[in-house]
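Asks: The numbering of the sequence shown is my numbering, which starts it at 127 and goes up by one.
Idealized CB from N, CA, C, for every residue including glycine.
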Amino acid sequence: MDFVSRDMFNRLPNPLISHILSFLPTKEAASTSVLSKRWRLLFASVTNIDFESDEDSPSFIEFVDRVLALQGNASINRFSLNFTDYPDPVPVTAWILNVLRRGVSELELSVSDVAFPPEVFVSKTLVKLKLGEGGGLSFSDDVAKVYLPKLKSLEMDSVVFEEDGVGFVKLLSGCPVLEELALVNIRWEYWKSCSVSVKSLRKLKFFCEDNDENPKSVSFDTPMLEYLEYSDNIAKKYPKVKFSSLVEAHISLRLTEDQSADAGSSEDEYYLESDDEEEKEMVGNATNFLKGICNVQILYLSAKTLEVLAFCCEATPVFNNLIQLTVESDEEIGWDSLPGLLKNCPNLETLVFKGLVHKSTKGCGNMCLCKPLKNPSCLSSSAVKVLKIILSVHIDDEGSEVEEIKHFLEKMPRLEQLIVYFDISYEPSVFELSKKLQSIPRIASPKCNIQVISPNLSLSSTLPSTLTKKWSAPPNEEYSWFLKAVT
């Protein structure tokens, strides 16, 4: 920076310089305090402080102590501490208490094996609280009271709750205006029961890593919830599931290894013993949970959730409000549950497949071409107007994906648009698929517009018109839509 630039920067008003310093890493912002008394005062008024260290070194502890001392009692907006090398809890606790006294609004703590000071849970200023990621943070018995009257966002990763999860219920009940809740690896499968009961909650994310345990009992009482991400083994029971206002849900329920093995045995016996439409033996029961989300409008189902629908549901619920459904495919999991699901989505407008390769079973019914069709296809009564398919670079060698797309076109009478997206640019696949789709002699909806696109090429046609091509990225809304579906 030359002299003129430095002089112009120095002429900026103090509040603006402090605001700029708040966006710098704290170590860099703190280094400006040696420039002059003015800069020392400017740094003292910085409202966002971030500290990070992967080792318990005296120099890091001294640095944090020095920065907090320099700031004195100045108000603070955000304090973030990432200290994952099993630090001494004494200074860590002192730092947390320091920023709480100064009225911190956003508190982010990733610290290994440190119990939270009880004062965290009676803060009158906290709006956002993020705990965990370092591993071993615990909510101890010493927390006698929880009351966070302004807290709107709570995120917890690998936080340990003592007393069989009793503290979890206490924590949620002390957050009267909570709107966003994210729970990662809370390990509630070891609790007798777990309940997420927050009347004000609008967004919930829950993720638990794959393991061999089923949660014993899980309930949800969140009548204002609009957005849900839920990834976990199925619980043994769902006593209460209340999602009255749910708009969008991303569900990734899964069986344990033992349940999946039982499901495989049940499936083999089912197909060996009978060709009739008998019910398969259930290996778990997620019926109440699935009924609880039946008001949803936008639904994403992982491949493992399709397996849960097939083997852990007494009857497929009716999704009267569902207008957009995204389904993930996996070569190890069949589409057994899809025919019944589509039948029970009478107002479905957009259907998205993330991949088409799946396990070939008789249970797929007339949804696909795994087995010879015996009855009229369930697709013939489908209300779907838009079909979107996300494929990898190379179409499988056997051509089953192409045949499946042709099957959709031949059986879906109300289809107005088919979009096939290759998530990585590979022009030969785009041209090859476009050419094969153009050769279909008969489709159920002759005015269906067909698009095959990649990041830099888009081919479209309305059969039987001629093919048009565009050597550019597809429209932003189309491209971003597929990127969203991929995640």
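Quick one: give me the first and last residue of the beta strand (DSSP E) that residue 204 is part of.
Replies: Where residue 204 is concerned, the enclosing beta strand (DSSP E) stretches over 204 to 209.
Asks: Are there 16 or more other CB atoms within 10 angstroms of the CB of residue 237, so buried, or fewer, so exposed?
Replies: It is buried - the Cβ of residue 237 has at least 16 other Cβ atoms within 10 Å.
Asks: Which whole-angstrom value describes the C-beta separation of residue 342 and residue 378, a residue pair presumed to lie in contact below a C-beta threshold of 8 Å?
Replies: That pair is no contact at about 20 Å.
Asks: Suppose the cutoff is 6 Å on Cβ atoms and the five residues either side in sequence are ignored; what does the same chain contact list for residue 206 look like?
Replies: If we look at residue 206 and ignore the five residues flanking it on each side, its Cβ neighbours are 176 and 234.
Asks: Which partner residues does residue 374 have in the DSSP bridge list?
Replies: Residue 374 pairs with 353 and 424.
Asks: What residues in its chain sit with their C-beta under 7 Å from that of residue 485, if we drop five residues either side in the sequence?
Replies: The residues are 457, 458, 459 and 460.
Asks: To the nearest whole angstrom, what separates the beta carbons of residue 422 and residue 475, a pair I think is in contact under 8 Å?
Replies: That pair is no contact at about 14 Å.
Asks: For residue 358, is the classification buried or exposed, using 16 other Cβ atoms within 10 angstroms of its Cβ as the cut-off for buried?
Replies: Classification for residue 358: buried.
Asks: What three-state label does DSSP hand residue 383 in the structure shown?
Replies: The answer is helix: DSSP assigns residue 383 an H, G or I state.
Asks: Leaving out the 5 sequence neighbours to the left and right, which residues in its chain are closer than 7 Å to residue 245 when beta-carbon positions are compared?
Replies: The residues are 223 and 226.
Asks: Quick one: grab the DSSP three-state call for residue 84.
Replies: The structure shown does not extend to residue 84, since the chain spans only 127 to 613, so no value can be given for it.
Asks: Going by the CB atoms, is the gap between residue 331 and residue 347 shorter than 8 Å?
Replies: No; because the gap between Cβ atoms is not below 8 Å, this pair is not in contact.
Asks: As a quick exercise: from 575, 556, 566 and 560, pick the residue whose alpha carbon is nearest that of residue 582.
Replies: If we check each option's Cα against that of residue 582, 556 comes out closest.
Asks: So, is residue 444 buried or exposed, given that buried needs 16 or more other C-beta atoms within 10 angstroms?
Replies: Burial call: exposed.
Asks: What are the start and end residues of the alpha helix (DSSP H) that includes residue 258?
Replies: No alpha helix (DSSP H) contains residue 258, which is instead part of the beta strand (DSSP E) from 254 to 258.
Asks: What are the start and end residues of each continuous beta strand (DSSP E) run of 3 or more residues lying completely inside the region 255 to 329, in chain order?
Replies: List check, beta strand (DSSP E) in window: 279 to 283, 306 to 310 and 320 to 323.
Asks: By Cβ distance, which residues of its chain are closer than 8 Å to residue 400, with the 5 residues on each side in sequence left out?
Replies: Confidence at residue 400 is low in this model, with a pLDDT of 47, below 50, so the placement of that residue is unreliable and no value is reported for it.
Asks: May I ask which residues mark the beginning and end of the beta strand (DSSP E) holding residue 576?
Replies: Here the beta strand (DSSP E) through residue 576 covers 575 to 580.
Asks: DSSP state of residue 468, grouped into three classes?
Replies: Correct three-state label for residue 468: helix.
Asks: For residue 565, which of helix, strand or coil comes out of DSSP?
Replies: The answer is coil: DSSP assigns residue 565 none of H, G, I, E or B.
Asks: Kindly provide the ranges of any beta strand (DSSP E) runs that are 3 or more residues long and lie completely inside the region 174 to 250, ordered along the chain.
Replies: Counting whole runs of 3 or more residues, the region 174 to 250 contains the beta strand (DSSP E) stretches 174 to 179, 204 to 209 and 232 to 237.
Asks: Taking only three categories from DSSP, how would you classify residue 388?
Replies: The answer is helix: DSSP assigns residue 388 an H, G or I state.
Asks: Under 8 Å, do residue 375 and residue 312 count as touching if we go by C-beta distance?
Replies: No, the pair does not count as a contact, with Cβ atoms beyond the cut-off.
Asks: Output needed for residue 532: all residues of its chain with C-beta closer than 6 Å, excluding positions within five of it in sequence on either side, in chain order.
Replies: Cβ neighbours of residue 532 beyond the five flanking positions: 566.
Asks: Taking DSSP as the reference, what is the three-state secondary structure of residue 583?
Replies: In the structure shown, residue 583 sits in a strand (DSSP, three-state: E or B).
Asks: Would you identify the three-state DSSP class for residue 333, choosing helix, strand or coil?
Replies: Strand at residue 333.
Asks: Quick one, which of 424, 242, 529 and 317 has its alpha-carbon nearest residue 471's?
Replies: The residue with the shortest Cα to Cα distance from residue 471 is 424.
Asks: So, residue 113 versus residue 578, is the Cβ gap smaller than 8 Å?
Replies: No statement about residue 113 is possible, as the shown extent of the chain runs from 127 to 613 and does not include it.
Asks: Should residue 291 be labelled buried (16 or more other beta-carbon atoms within 10 Å of its own) or exposed?
Replies: Residue 291 comes out buried.
Asks: Let me check understanding here. Comparing Cα to Cα, which of 426, 417, 428 and 389 lies closest to residue 409?
Replies: When each option's Cα is compared against that of residue 409, the closest is 389.
Asks: DSSP state of residue 526, grouped into three classes?
Replies: If DSSP states are grouped into helix, strand and coil, residue 526 belongs with the helices.
Asks: If contacts are defined as beta-carbon pairs under 8 Å, then residue 243 and residue 275 qualify, I think. What distance do you get, rounded to the angstrom?
Replies: Actually they are not in contact, since the Cβ atoms of residue 243 and residue 275 sit about 18 Å apart, beyond 8 Å.
Asks: Express the C-alpha separation of residue 328 and residue 451 in angstroms, rounding to a whole number.
Replies: Residue 451 and residue 328: Cα-Cα distance of roughly 21 Å.
Asks: Rounding to the nearest angstrom, what Cα-Cα distance links residue 412 and residue 208 in this structure?
Replies: The straight-line gap from Cα to Cα measures roughly 38 Å.
Asks: What residue does the alpha helix (DSSP H) around residue 444 start on, and which one ends it?
Replies: Premise fails: residue 444 is in no alpha helix (DSSP H) and is neither H nor E.
Asks: Around the Cβ of residue 572, are there at least 16 other Cβ atoms within 10 angstroms (buried) or fewer (exposed)?
Replies: When all chains shown are included, residue 572 counts as exposed.
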